[in-house]
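**Student:** Numbering (this note's numbering), first residue to last: 1050 to 1355. One structure follows; several queries about it will come next.
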């Protein structure tokens, strides 16, 4: 091997390492949010130890690799997967959803996070606006809050009548059985945190300008109604924890453990298999001697400020 070959191999290796590091940057940036907790230690008496960072990243990347396999299997077998993420405000649902979708194809795995219903939607069959977001064959849909809004926020905040509330519990078991009979894989998660932990996370949102947008007037009102939400959750679980569509409770006080545990459990609930792929071979670059790339005016370029 010549010196030129060694130099070329070294440059290629460094480029590969750089590319891998770039892929990790998004995850590292998200993890920086957790480091801001250190600035708020005066708001809590005890900060429980979490998963070692190296262990966390190693397991997260391994699980995300399995999620890619799951995605390939879902697409190949034309499966329909629906995952519901429910829980109190600031319970960590969004963080888990981000880690699930981070390395997946958004055309296959998408998130449904519906806003408050419009005037027209309020007159529809309650489940109607959720139906339009359900997956077709070969798709995964993650609901960041779902039709269980009626059993939670709508009940506690008085956005539905007693009749509508009771009708929901009559309808939802059959609605979910219909989904399952149609071939949909339905998995339901409730993220559980303590009273003190929610207080802590709300305080972080108030003090962190990058997170203040997460704190809505509804969140503030919900904080004062902790016990009402607890009762609503207990009633919901009593009526809708069914043999064919059970609830799974995620202990979410420790964010890192919650992410790993939830993703690991999700993978265990779906009997996916490795999908064989035809090796990708790049064709030779075709060069036309008559082609000449024209100049691009300098004013069209984004200013190179960095």
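Where is the CB? At the ideal position from N, CA and C, for every residue including glycine.
If you draw a straight line from the C-alpha of residue 1348 to the C-alpha of residue 1120, how long is it?
**Tutor:** 42 Å
**Student:** Using the DSSP secondary-structure output, state which residues sit across from residue 1134 in a beta bridge.
**Tutor:** 1193, 1238
**Student:** Check this for me: beta carbons of residue 1305 and residue 1175, under 9 Å apart or not?
**Tutor:** no
**Student:** Would DSSP call residue 1311 helix, strand or coil?
**Tutor:** helix
**Student:** If you follow the beta strand (DSSP E) that residue 1159 is in, where does it begin and where does it stop?
**Tutor:** Residue 1159 -> beta strand (DSSP E) spans 1158-1161.
**Student:** List the endpoints of the continuous alpha helix (DSSP H) containing residue 1122.
**Tutor:** Residues 1102-1126.
**Student:** Tell me whether residue 1104 counts as near the ligand PLP, meaning its Cβ is closer than 8 Å to at least one heavy atom of that ligand.
**Tutor:** The model depicted lacks the ligand PLP and carries no ligand whatsoever.
**Student:** Per DSSP, residue 1339 forms a beta bridge with which residues?
**Tutor:** Its beta-bridge partners do not exist; DSSP assigns none.
**Student:** Where do the ends of the alpha helix (DSSP H) carrying residue 1245 lie?
**Tutor:** 1244-1256
**Student:** Going by DSSP, which residues form a beta bridge with residue 1296?
**Tutor:** According to DSSP, which records beta bridges pairwise, residue 1296 is partnered with 1237.
**Student:** From 1165, 1164, 1150, pick the residue whose C-alpha is nearest to that of residue 1158; which is it?
**Tutor:** Checked all of 1165, 1164, 1150; the closest Cα to residue 1158 is 1150.
**Student:** Count the other CB atoms within 10 Å of the CB of residue 1242; is the residue buried (16 or more) or exposed (fewer)?
**Tutor:** Result: buried.
**Student:** Mapping DSSP to helix, strand and coil, what is residue 1129?
**Tutor:** Strand at residue 1129.
**Student:** Residues in its own chain within less than 6 Å of residue 1086 by CB, not counting five upstream and five downstream?
**Tutor:** Only weak support exists for where residue 1086 lies, its pLDDT of 45 falling under 50; the value from the coordinates is given anyway. Cβ within range, chain order: n/a, list empty.
**Student:** Since residue 1188 sits in a beta bridge, which residues does DSSP pair it with?
**Tutor:** 1129
**Student:** Assuming residue 1195 and residue 1153 are in contact, meaning their beta carbons sit under 8 Å apart, how far apart are those beta carbons, in whole angstroms?
**Tutor:** Not really, about 20 Å apart at Cβ, beyond 8 Å.
**Student:** Could you give the first and the last residue of the continuous alpha helix (DSSP H) run that contains residue 1218?
**Tutor:** 1211-1230
**Student:** Thinking C-alpha only, which one of 1146, 1169, 1261, 1172 is nearest residue 1162?
**Tutor:** 1146
**Student:** Take the Cβ of residue 1337 as the centre, count every other Cβ of all protein chains shown within 10 Å, and call the residue buried at 16 or more, exposed below.
**Tutor:** It counts as exposed.
**Student:** Under the three-state reduction of DSSP, which class applies to residue 1057: helix, strand or coil?
**Tutor:** Three-state DSSP puts residue 1057 in a helix.
**Student:** May I have the straight-line CA-CA distance separating residue 1273 from residue 1292, to the nearest angstrom?
**Tutor:** 34 Å
**Student:** Would you kindly report the start and end of the unbroken alpha helix (DSSP H) that includes residue 1143?
**Tutor:** 1142-1150
**Student:** Mind checking which residues open and close the alpha helix (DSSP H) that includes residue 1182?
**Tutor:** Counting along the chain, residue 1182 falls outside any alpha helix (DSSP H), and DSSP gives it neither H nor E.
**Student:** Below 9 Å between beta carbons: does that hold for residue 1205 and residue 1140?
**Tutor:** no
**Student:** Touch check for the segment 1180-1199 and the segment 1207-1226: three-plus C-beta pairs under 8 Å?
**Tutor:** yes
**Student:** Less than 9 Å separating the beta-carbons of residue 1367 and residue 1138?
**Tutor:** Any answer about residue 1367 is impossible in this case: the structure gives the chain only from 1050 up to 1355.
**Student:** Would a C-beta distance cut-off of 9 Å place residue 1234 and residue 1318 closer than the cut-off?
**Tutor:** yes
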